[in-house]
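Position 102, counted from 1, in the sequence shown is what my numbering calls 1113; the numbers after and before it change by one each time, with no gaps.
From the three backbone atoms N, C-alpha and C, an ideal C-beta is built for every residue, glycine too.
Small disclaimer: the values here were computed from a predicted structure and weren't measured.
Worksheet: the structure to be examined is printed underneath.
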Amino acid sequence: MSSSNHGSNKTVAQNRKARHDYFILDAFECGIVLTGTEIKSVRAGNLNLKDSYASIENGEMWLYGVHISPYEKGTYYNHEPERDRKLLMHRHEITRLNSKMREKGLTLVPLSVYIKEGKRAKVELGLVKGRTTHDKRDMIADRDAKRTIARAVRGKGHYDED
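This is how it looks when you write it as C-alpha coordinates:
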(Lines of atoms letter the chains of each structure in order from A and count residues from 1; the text may use other names and numbers.)
(Lines give C-alpha, C1' and ligand atoms only; values in the text may rest on other atoms or scores of the structure.)
Protein backbone atom coordinates (compact mmCIF):
# COMPACT_ATOMS: atom_id res chain seq x y z
CA MET A 1 0.00 0.00 0.00
CA SER A 2 2.81 2.42 -0.61
CA SER A 3 1.03 4.09 -3.52
CA SER A 4 -0.42 7.55 -3.08
CA ASN A 5 -3.94 6.35 -3.86
CA HIS A 6 -5.52 3.40 -2.02
CA GLY A 7 -7.98 2.20 -4.69
CA SER A 8 -10.97 4.57 -4.57
CA ASN A 9 -9.46 6.31 -1.56
CA LYS A 10 -7.96 9.78 -1.35
CA THR A 11 -4.63 10.02 0.46
CA VAL A 12 -4.51 13.21 2.52
CA ALA A 13 -1.11 12.78 4.25
CA GLN A 14 1.94 10.54 4.06
CA ASN A 15 4.76 10.03 6.52
CA ARG A 16 7.78 9.95 4.17
CA LYS A 17 10.20 10.29 7.07
CA ALA A 18 8.92 6.98 8.51
CA ARG A 19 9.72 5.19 5.26
CA HIS A 20 13.24 6.61 5.47
CA ASP A 21 13.88 6.02 9.17
CA TYR A 22 12.37 2.55 9.59
CA PHE A 23 12.18 -0.90 8.04
CA ILE A 24 8.45 -1.48 7.52
CA LEU A 25 7.71 -5.08 8.48
CA ASP A 26 3.92 -5.04 8.20
CA ALA A 27 1.11 -2.56 7.52
CA PHE A 28 -2.39 -2.36 9.01
CA GLU A 29 -5.47 -0.29 8.31
CA CYS A 30 -7.39 1.13 11.23
CA GLY A 31 -10.06 3.74 11.80
CA ILE A 32 -9.52 6.93 13.75
CA VAL A 33 -11.95 8.65 16.11
CA LEU A 34 -12.30 12.30 15.07
CA THR A 35 -14.56 15.19 16.07
CA GLY A 36 -16.63 17.17 13.55
CA THR A 37 -14.07 19.91 12.92
CA GLU A 38 -11.18 17.41 12.82
CA ILE A 39 -12.65 15.40 9.94
CA LYS A 40 -13.20 18.62 7.98
CA SER A 41 -9.55 19.58 8.48
CA VAL A 42 -8.40 16.07 7.52
CA ARG A 43 -10.45 16.14 4.31
CA ALA A 44 -8.82 19.48 3.49
CA GLY A 45 -5.39 17.83 4.03
CA ASN A 46 -4.46 19.96 7.03
CA LEU A 47 -2.57 17.37 9.06
CA ASN A 48 1.02 16.44 9.76
CA LEU A 49 2.25 12.94 10.65
CA LYS A 50 5.84 13.92 11.46
CA ASP A 51 7.08 12.51 14.80
CA SER A 52 3.80 10.68 15.43
CA TYR A 53 3.42 7.14 16.73
CA ALA A 54 0.79 4.71 17.97
CA SER A 55 0.71 2.84 21.25
CA ILE A 56 -1.43 0.21 22.94
CA GLU A 57 -2.69 1.10 26.41
CA ASN A 58 -5.23 -0.92 28.42
CA GLY A 59 -6.18 -2.93 25.34
CA GLU A 60 -6.88 0.19 23.24
CA MET A 61 -4.85 1.75 20.43
CA TRP A 62 -3.95 5.45 20.65
CA LEU A 63 -2.32 7.79 18.17
CA TYR A 64 0.06 10.43 19.54
CA GLY A 65 1.76 13.45 18.01
CA VAL A 66 -0.47 13.91 14.94
CA HIS A 67 -1.10 17.60 14.31
CA ILE A 68 -4.50 18.35 12.77
CA SER A 69 -4.79 22.09 12.17
CA PRO A 70 -7.91 23.79 13.54
CA TYR A 71 -10.71 24.07 10.99
CA GLU A 72 -10.65 27.57 9.48
CA LYS A 73 -14.44 27.99 9.52
CA GLY A 74 -14.81 26.46 12.98
CA THR A 75 -16.09 28.33 16.00
CA TYR A 76 -14.95 28.20 19.60
CA TYR A 77 -15.89 24.48 19.49
CA ASN A 78 -12.77 23.83 17.41
CA HIS A 79 -10.59 20.88 18.38
CA GLU A 80 -7.22 20.72 20.12
CA PRO A 81 -4.61 20.34 17.30
CA GLU A 82 -2.34 17.74 18.96
CA ARG A 83 -4.68 15.79 21.20
CA ASP A 84 -4.33 12.01 21.57
CA ARG A 85 -6.72 10.16 19.26
CA LYS A 86 -8.19 6.71 19.65
CA LEU A 87 -7.67 4.20 16.85
CA LEU A 88 -10.25 1.57 15.94
CA MET A 89 -9.06 -1.98 15.43
CA HIS A 90 -10.40 -5.44 16.28
CA ARG A 91 -9.42 -6.71 19.72
CA HIS A 92 -7.65 -9.82 18.36
CA GLU A 93 -5.56 -7.63 16.03
CA ILE A 94 -4.59 -5.37 18.92
CA THR A 95 -3.60 -8.39 21.03
CA ARG A 96 -1.50 -9.85 18.21
CA LEU A 97 0.24 -6.50 17.58
CA ASN A 98 0.92 -6.01 21.28
CA SER A 99 2.65 -9.40 21.55
CA LYS A 100 4.78 -8.69 18.44
CA MET A 101 5.80 -5.30 19.79
CA ARG A 102 6.78 -6.69 23.19
CA GLU A 103 8.83 -9.64 21.97
CA LYS A 104 10.78 -7.92 19.20
CA GLY A 105 10.99 -4.31 20.37
CA LEU A 106 9.05 -2.94 17.40
CA THR A 107 7.11 0.31 17.09
CA LEU A 108 3.84 1.37 15.46
CA VAL A 109 4.11 4.42 13.20
CA PRO A 110 1.41 5.97 11.00
CA LEU A 111 2.46 5.73 7.34
CA SER A 112 -0.47 7.56 5.78
CA VAL A 113 -3.94 8.92 6.39
CA TYR A 114 -6.62 8.62 3.73
CA ILE A 115 -10.34 8.98 3.23
CA LYS A 116 -11.86 5.59 2.37
CA GLU A 117 -14.62 5.60 -0.24
CA GLY A 118 -15.23 9.30 0.39
CA LYS A 119 -16.58 8.66 3.88
CA ARG A 120 -14.27 7.59 6.69
CA ALA A 121 -10.77 8.60 7.70
CA LYS A 122 -8.38 5.65 7.93
CA VAL A 123 -4.79 5.40 9.16
CA GLU A 124 -2.26 3.03 7.63
CA LEU A 125 -0.09 1.91 10.55
CA GLY A 126 3.26 0.30 10.01
CA LEU A 127 4.90 -2.17 12.36
CA VAL A 128 8.46 -0.90 12.07
CA LYS A 129 12.01 -1.52 13.18
CA GLY A 130 14.49 1.38 13.33
CA ARG A 131 17.19 1.75 10.69
CA THR A 132 20.75 2.52 11.65
CA THR A 133 22.63 5.40 10.02
CA HIS A 134 24.55 2.82 7.98
CA ASP A 135 21.30 1.31 6.67
CA LYS A 136 20.03 4.76 5.66
CA ARG A 137 23.26 5.48 3.75
CA ASP A 138 23.01 2.15 1.92
CA MET A 139 19.39 2.87 1.00
CA ILE A 140 20.28 6.31 -0.38
CA ALA A 141 23.23 4.90 -2.36
CA ASP A 142 21.01 2.17 -3.87
CA ARG A 143 18.35 4.70 -4.82
CA ASP A 144 20.93 7.00 -6.45
CA ALA A 145 22.44 4.08 -8.38
CA LYS A 146 18.99 3.06 -9.67
CA ARG A 147 18.30 6.64 -10.78
CA THR A 148 21.64 6.81 -12.61
CA ILE A 149 20.93 3.51 -14.38
CA ALA A 150 17.41 4.63 -15.31
CA ARG A 151 18.77 7.89 -16.76
CA ALA A 152 21.40 6.04 -18.77
CA VAL A 153 18.80 3.60 -20.13
CA ARG A 154 16.52 6.46 -21.17
CA GLY A 155 19.49 8.06 -22.94
CA LYS A 156 19.41 11.28 -20.96
CA GLY A 157 22.57 10.60 -18.99
CA HIS A 158 25.93 11.07 -20.68
CA TYR A 159 28.33 9.66 -18.18
CA ASP A 160 31.95 9.04 -19.09
CA GLU A 161 33.83 6.75 -16.79
CA ASP A 162 37.46 7.79 -16.33
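For a quick check, are the C-beta atoms of residue i and residue j less than 8 Å apart?
{"i": "Ile1067", "j": "Leu1099", "result": "no"}
{"i": "Gly1047", "j": "Lys1133", "result": "no"}
{"i": "Met1072", "j": "Ile1105", "result": "yes"}
{"i": "Lys1097", "j": "Val1044", "result": "yes"}
{"i": "Ala1065", "j": "Leu1119", "result": "yes"}
Considering only residues of the same chain and omitting the five flanking positions on each side of residue i, which have a CB-CB separation below 7 Å?
{"i": "Lys1051", "result": "Tyr1082"}
{"i": "Ser1019", "result": "Glu1128"}
{"i": "Val1053", "result": "Val1023, Leu1045, Ile1079, Val1124, Ala1132"}
{"i": "Glu1040", "result": "Lys1133, Glu1135"}
Kindly give me the distance between the Cβ atoms of residue i and residue j, rounded to whole angstroms, as I take these residues to be in contact under 8 Å.
{"i": "Arg1142", "j": "Asp1032", "result": "6 Å"}
For residue i, write down the residues that DSSP places opposite it in a beta bridge.
{"i": "Lys1127", "result": "Arg1131"}
{"i": "Ile1035", "result": "Val1139"}
{"i": "Ile1043", "result": "Leu1098"}
Does the beta carbon of residue i fall short of 7 Å from some heavy atom of the ligand GDP?
{"i": "Leu1122", "result": "The ligand GDP is not among the ligands present in this structure, which contains no ligands whatsoever."}
Spell out a yes or no on whether the stretch 1025-1042 and the stretch 1105-1123 are touching, meaning 3 or more CB-CB pairs, one atom from each, closer than 8 Å.
yes
At a cut of 8 Å, does the stretch 1072-1080 reach the stretch 1091-1109 through at least three beta carbon pairs?
yes
Would you check if the stretch 1128-1138 and the stretch 1106-1120 touch, i.e. whether three or more CB-CB distances between them fall below 8 Å?
yes
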